[in-house]
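Residue numbers (this note's numbering): 6 to 115.
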């Protein structure tokens, strides 16, 4: 991929608009998380008596020049891709962030 070709903009949209909901300029990532939490909220409302709870975690990584970097911990570079019978394919030592709403994106980029 080419540097400056708009990948970050496609994923996030206008950084200044991440705190504005809903912004017509938001990218794929905020839209996915908005959809995810709308579905979670709807399921929890439907199944109140079952005390259904969801636990959401995410990781952000960059693959550039065949090196994997943890975007939540940029000091973690050159991470290794692994495969496990139970886990499947995963990135070793990639950090995870637990979140409870789609607004968490603004804490990383604003």
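Where is the CB? At the ideal position from N, CA and C, for every residue including glycine.
(message) Please state whether the Cβ-Cβ distance between residue 101 and residue 94 is less than 8 Å.
(response) Not closer than 8 Å, so no.
(message) Please report the distance separating the alpha-carbon of residue 75 from that of residue 35.
(response) Computed Cα separation, rounded: 19 Å.
(message) By alpha-carbon positions, which one of 17, 11, 71 and 54 ends up nearest to residue 86?
(response) Nearest of 17, 11, 71 and 54 to residue 86, Cα basis: 71.
(message) Cutting at 8 Å between CB atoms, please list the residues of its own chain near residue 97, excluding the five before and the five after it.
(response) Scanning its chain for C-beta atoms nearer than 8 Å, with the 5 sequence neighbours on each side dropped, one finds around residue 97 the residues 84, 85, 86 and 87, in chain order.
(message) Considering only the alpha carbon of each residue, which of 106, 19, 14 and 12 lies closest to residue 63?
(response) By alpha-carbon distance to residue 63, the top candidate from 106, 19, 14 and 12 is 106.
(request) Provide the residue span of the beta strand (DSSP E) that contains residue 104, from first to last. (result) Membership of residue 104 in the beta strand (DSSP E) is indicated by the continuous run 102-104.
(message) Tell me the rounded alpha-carbon separation between residue 115 and residue 42.
(response) With a pLDDT of 48 at residue 115, under the threshold of 50, the modelled position of this residue cannot be trusted, and the question is left open.
(message) For residue 39, tell me which candidate among 58, 67 and 17 has the shortest Cα-Cα distance.
(response) Here the closest residue by C-alpha is 17.
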